[in-house]
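Step one of this worksheet: look at the structure below.
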Amino acid sequence: MENPQSQPKDRRSEALGDLQVLSDELLCAILENLTPHQLARLSCVSSVMYILCKEEPLWMTLCLNSAGGLLEYKNSWKETTLHRQHPRIEFDESCRKPLHFDGFNSLFLYKRWYRRHTALDAFSTDRGDLERKKNLSLEEFRQQYDGRKPVLLTELAETWPARSTWTTDQLLRNYGDTAFRLSQKSGKKITMKVKDYVSYMNRQHDEDPLYIFDDQFGEAAPDLLKDYNVPHLFEEDLFDVLDRDQRPPFRWLIIGPERSGASWHVDPALTSAWNTLLSGRKRWALYPPGKVPLGVTVHVNDEDGDVNIETPSSLQWWLDVYPLLADHDKPLEFTQLPGETVFVPSGWWHCVLNLEVTLAVTQNFVNTSNFEFVCLDMAPGHHHKGVCRAGLLAIHENSFGNVKADLFSDTDRLNFPDMTRKEKRLRLSKPGLNPCINDINGHVTNGDVKITNNLQNQAFFYDIKFLSMFLDEDRDHYNSIWSPSNCIGDRDLRQWLHKLWVVKPGMRELIWKGACLALNADRWFACIAEICASHNLPSPLDGERFPVGTGSNPVYLIGDHAIKIYVEGGLESSIHSLGTELEFYGLLSKVKSPLRDHIPEVLASGILVHENDSYRTMPWDGKGVPDAISMGNFIFGNHMGDGFSFGVWSKTQFEFEKAGNKNGPSNSTASTRTWPYIITKRCKGDIFAHLRDKLSRDAVLNLASFLGDQLRNLHLLPLPSLHDALCSDVKQKIDLTRTTINNLSFSIPVEWELFIGTIAKRKKDVSDRLAKWGDPIPSILIEKVEEYIPQNPAMLLNIFKDENGLHKVGKSQTWVHSDIMDDNIQMEPCLVSHCLDENVPSSIFNGTFNGYDDDGKKRECNPSHILDFSDLSIGDPLCDLIPIHLDVFRGDSSLLKKLLESYKLPLVRRPSQHGMLLAGGEKFGRISYHAMCYCILHEEDILGAIFSLWKELRMAKSWEEVEETVWGVLNNYQASFMQ
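Read left to right, the sequence shown gives residues 897 to 1875 (the working numbering).
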C-alpha cells in the first residue's frame, strides 16, 4: 500500500500566500508589467514565484516591449533581455545549477509549454475546400473569383528566379547583414539581421515565434524585387498612381519558422491580396466576410461603435479552438505548397500557420472590384468598419431600426440543412456578392455588459449598398476624427482620389461612387454648384467635380475661378478664418503692400446655408455679423458694428480658448449645415507640391528668395488695434498680466498675452501629447521634454532690461501665415532662353498647369503667389519658418539660408551692451532653441515630420542634438542682432 506521506505536497498555497486566489494566467499577466530587476527580486520570494518568473514567454514579452531598432537574440529571451540592460557582469545562466521543485502543477503553464515544443510535421490538411487552378485567364479570374471567392493558383511563379534563390541558405549568403523588420505585438519597429534571424529560428522554442514581415524589403534589398513579378491576374492596382513614398504599405517579404504565422484578421482597408509561397508549407483557414471565427472576440465601443478584434495566436487557435468546431462551423482550409499562389478577396477572414520554415512574398492591391469597399472603409467613423469585418456582431440590436428590414431577407441563408459544407461557405446570391449568415452563438462585449447575439437569423450581405447604410449620416470628412486603423491619412486619400480622377478618366463613374463614400464628394459638389449659380459662374465641368489639393478645406477650380469652402474646425472656426482672411486682404489694399501682388484677387465671399433639403447663399464681406450667423446665437466675436467682428484678434482669442481643450470649444460643431466661402481669381500655373521633382536647383533657390521677400512683406504689415473690449476679456481669461522670471516680476504687453497664453495651455499636456503621437519620436526624448522647454513660456519673448531699467520684449509681434506649405505656393511658367535643367522634359509644361496650355516652348517656373490665408494669426514671426523649412524645403539648410538672405528682418532683438537678458541660461540666446520649442509645443505633430526627415535623429539622446541639426543655421543669422 502506498504511503500517503510520500506524495509531494501542493506548493502553490504555501508559496503564494494570499496570491493563491489568482489564477496562474492572471499572475503571469501581472508579472509582464514588472521590470527585470523587480522580477529578479520577486523570484527569490518562493519556489512558485521562481518558476513563474523564469518563464520564457514572460521574458519574451518584456524584451519586445522595451526593444526598438536592431535586435540580436542571445540563446534565450531572458538572456537577451538582460544583455540589453548592459549589465556590468556578463550573464551566463548555463553555469548555474538548475532548480527543480515538486508539488506544483499548472495546466496553464503546461499548455503553454506544449505549444512551444509541439511539432507540426504532420499537421496539415487538404480536403479540396479550395479550388486549385492552372493557366487561369484574366477573364476567367474576373468572372469567377475576383471579388467573389478565394482560389489557389499553381503555376504563376514557375518562371520566377525566387523559386530557386529564396531559401534560407541563399538569403544568408547574399543578405546576411541586411536587417529586415519583424512582426510582433508591441507595435514598435524592431529589425533583425538575416544572419541573426536564422540563428534565432534554429534556437527558439516560442509558442508564437517572431517572423520577418517587412514592407520595406525592396528598399533594404532592391535585388529581391528582381526575383519575382506581379502575376498578370493582379496587375491592376489603383494605388499605382501614387508615388512610392505616398502609397500605403502594400508588399511584404515573409519569413517564418515552424509555429509562426498570422492570427485571424481581415486585410487592411478591405484590400485584396495574393500570397506566393517560395519554400516550406503553410496551413490556411478562411471565412467569408462578416463570419467572425469562433474563438475571436468582438469588442464594441458603446460610444462610437468602434470594433476591436481580440484573437488568439494562429497556433493556439488550431490547437485549442479548431478541434471543438462542429463540421458546419469549420473554415475553408488547405495546405499551400511551394510555388502556389493564394488569392484572398476583399473582406475575407484568414489565418495562416507555418508548418516549417517558410519564405513567401505577398502584395495587397486595389482594383475595380474592391475599389468601393476600400473607399467605404476609409470613410470617417467606426460603425461601418466594424460591420464590414464583424458582420452583424458589430451592431446593437436596438440600432437595427436604422436599417431597412427588407435587406434582411432569409432567402439567401447559408445554413440550410440540405446544403453541403462547401456550398454553405461559397454560395453566392448574386454575381460579385458574398452573403453570409453570422450564426455564431457567441457574445458581443459592449463595455462591461455582455449582450447575447440574437441576430443570427438575419442575413449579412457583403454588398456596398448594404454596408454603406451603416455610415454616419452626419459625417463630415474634413472635420471627423480620422481612424488610426486607416492605411493612409485623410489628405493622402483626397490626393489619391483626385489623381485617379485626372489620370483615369475612363473610370470616373466608379471613382465618383468611391469618392461619395469616402469624401462626401456629392455633398461638396452640390455646395459648389449652388455657389456657382448664385454668382453667375459657369457650371463645373466633368473634370472640375473634385476638390484640388490636400488642404483641410475643399477647394474647387472652376474656369478662371477658385472657390474655397471653409469647413475646418466647424462653423465657429470657419467664420473666424474667413473673417480674418477678408480683414487681411483689406489691410493689404489699404497700406498698398507689395504682398498684394502675390496673393489671389478676391472676387466674392459669402455664407452658404443648407436647410429644407436645399442650398442658399448670402453675401458677406467680413464686416459686421451676417444674419446666418447671428440667428444661430452660438458664435462669439467682437461685435463692433461695421468692423471685422471675426477678425484676427477675435480669431486669436478663439484659438486661445481652443488650445488645451481636446474636444474644442463646446459651440464648435463638425456637423454644421452652414459654411462660409470665398471666390478668388484663379492663378496660372501649378502648386509647388506638383512640380517639386521637376524643377531645377536654380528654380528652387529662386523660390527660397521669393519666400524670404514675401515673409518680410507679411511681417512688416501693421497690426490691427487690440480693441478695449477684447483687451478686457483677455485679461479676465488669462492670468499673465504679471509674470515672474528669475524672481523679477514684470508686466507682459497685452498684445502678447493671447500668444503666450495659448503656448502655456499647450505646455500643460505636452508629455501626454507626445506620448500619444509616439513613433517616430524617441521615447527617451519624450521623457526629457519637460526639462527642455521653458518652465514659463514668457521666457521665449526674450524679455530684457535696457540701460534705463525698462523691461522690453526682444521680439516684434507680426501677422503669421502659419501654413506656407508646398501646396500653398503657386508656380507660374515663364519664358526663358533655355531650360535651366535640361533633364526636365518640356511635356511637363503642356497642359499640366491646372488646365492652362502654353505654346510648347520650353519654360521654367517662377513662384508667383502664396495661397490660403485662412490660418492667419498673430505671434512670433519665427513660427512661419517651421512649415517652410520642414515641408517646402524638406530640411535643406541651404534653402533656409537663402530665404534668410532675402528676409533681412531681425528674428530676435538683442539687448545692447548695457542691457540685461532676464531669462537665465545660454539656451535662450539661441534662436534655434526658440524654434525647437515652437515645434514641440505645436498643435500638430511637427516632431513626426522632423524625425521622418532626419531618420538619424531617432537615435538622439537629447533635444539639443535635434535642435542643432534642424535649426542650427538660425544661430548664424546676422540680422537677428539688429536693434
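Here a beta-carbon is modelled for each residue, glycine too, at the ideal position from N, C-alpha and C.
Find the nearest neighbour of L1774 within the set N1204, N1758, D1715, R908, judged by alpha-carbon distance.
-> D1715
N1204 bridges to which residues according to DSSP?
-> H1195
Looking at the structure shown, is R1143 part of a helix, part of a strand, or coil, going by DSSP?
-> In the structure shown, R1143 sits in coil (DSSP, three-state: anything other than H, G, I, E or B).
Could you tell me which residues DSSP pairs with A1169 in its beta bridges?
-> V1240, N1260
Straight-line Cα distance separating W1392 from P1144 = 11 angstroms
With contact counted as at least three CB pairs below 8 angstroms, one residue from each stretch, are the stretch 1586-1598 and the stretch 1494-1508 in contact?
-> no
Straight-line CA distance for Y1869 to Y1799?
-> Taking the straight line from one Cα to the other gives about 10 angstroms.
In the structure shown, what three-state DSSP assignment does E1507 receive?
-> strand
Is the beta carbon of L1120 less than 8 angstroms from the beta carbon of F1130?
-> no
Report yes if the CB atom of T1021 is closer than 8 angstroms to the CB atom of E1229, and no otherwise.
-> Taking C-beta atoms as the reference points, T1021 and E1229 count as a pair closer than 8 angstroms.
Under 8 angstroms by Cβ, that's how I've got H1713 and D1767 pegged, so tell me the actual separation to the nearest angstrom.
-> 7 angstroms
A1290 - containing alpha helix (DSSP H), residue span | Looking at the DSSP string, A1290 is not in any alpha helix (DSSP H), and its letter there is neither H nor E.
Limits of the unbroken beta strand (DSSP E) element including Y1107 = 1107-1110
S1242 and S1168 look like a contact to me (Cβ under 8 angstroms); what is the Cβ gap, rounded to whole Å?
-> 5 angstroms
Since I believe R1099 is in contact with N1250 (beta carbons under 8 angstroms), could you give me their beta-carbon distance rounded to a whole number of angstroms?
-> Actually they do not touch by this definition, with Cβ atoms about 17 angstroms apart.
So the alpha helix (DSSP H) Y1908 belongs to, where does it begin and stop?
-> Since the displayed the chain opens at 897 and closes at 1875, residue 1908 lies outside it and no answer follows.
When you compare only the Cα positions, how much space is there between G1747 and I1150?
-> Because the pLDDT of G1747 is 33, which lies under 50, any placement of that residue in the model is unreliable, and the number read from its coordinates should be weighed accordingly. Approximately 45 angstroms between the Cα atoms of the pair.
The stretch 1457-1465 in contact with the stretch 1415-1429 per 3-pair CB rule at 8 angstroms = yes
Could you spell out the range, first to last residue, of the alpha helix (DSSP H) harbouring I1481?
-> Residue 1481 is actually Tyr in this sequence, not Ile. 1467-1487 is the span of the alpha helix (DSSP H), which, as asked, contains Y1481.
To the nearest angstrom, report how far apart R1569 and A1275 are at their CA atoms.
-> Going by the C-alpha atoms only, they are around 19 angstroms apart.
Determine, using beta carbons only, whether N1720 and I1762 come nearer to each other than 8 angstroms.
-> yes
Does N1031 come within less than 8 angstroms of chain B when only Cβ atoms are used?
-> In summary, chain B is missing from the structure at hand, where a single protein chain is found.
Nearest-angstrom Cα separation, counted from A1458 out to L1504 = 16 angstroms
V1094 and T1063 look like a contact to me (Cβ under 8 angstroms); what is the Cβ gap, rounded to whole Å?
-> Actually they do not touch by this definition, with Cβ atoms about 11 angstroms apart.
Burial state of L995, where buried means 16 or more other Cβ atoms lie within 10 Å | Exposed, since its Cβ has fewer than 16 Cβ neighbours within 10 Å.
Would you identify the three-state DSSP class for Q1722, choosing helix, strand or coil?
-> strand
Between the CA atoms of V1804 and G1653 - distance to the nearest angstrom = 20 angstroms
Residue closest to S942, alpha-carbon to alpha-carbon, out of L960, Y1183, F1000, Q981 | For S942, the nearest C-alpha among the options comes from F1000.
What is the DSSP secondary structure of E1229, reduced to helix, strand or coil?
-> strand
Considering only C-alpha positions, which residue in the set M956, S1002, D998 is nearest to R980?
-> M956
Would you list the residues sitting across from N1250 in a DSSP beta bridge?
-> K1178
Along the alpha helix (DSSP H) that carries R1008, what are the first and last residues, could you check?
-> 1003-1013
Given a threshold of 16 other Cβ atoms within 10 Å of its Cβ, counted over all protein chains shown, does K974 qualify as buried or as exposed?
-> buried
Going by beta carbon distance, what residues of the same chain come within less than 7 angstroms of T875, once the five residues before and after it are set aside?
-> With the chain represented from 897 up to 1875, any question about residue 875 goes unanswered, as that position is not in the structure.
If L1363 and L1272 are in contact, beta carbons under 8 angstroms, what's the gap, nearest whole angstrom?
-> 6 angstroms
By Cβ distance below 7 angstroms, which residues in the same chain neighbour D920 in space, the five residues on each side in sequence not counted?
-> Non-local C-beta neighbours of D920 in its own chain, meaning closer than 7 angstroms and more than five positions away in sequence, comprise S1002, F1004, L1005, ordered along the chain.
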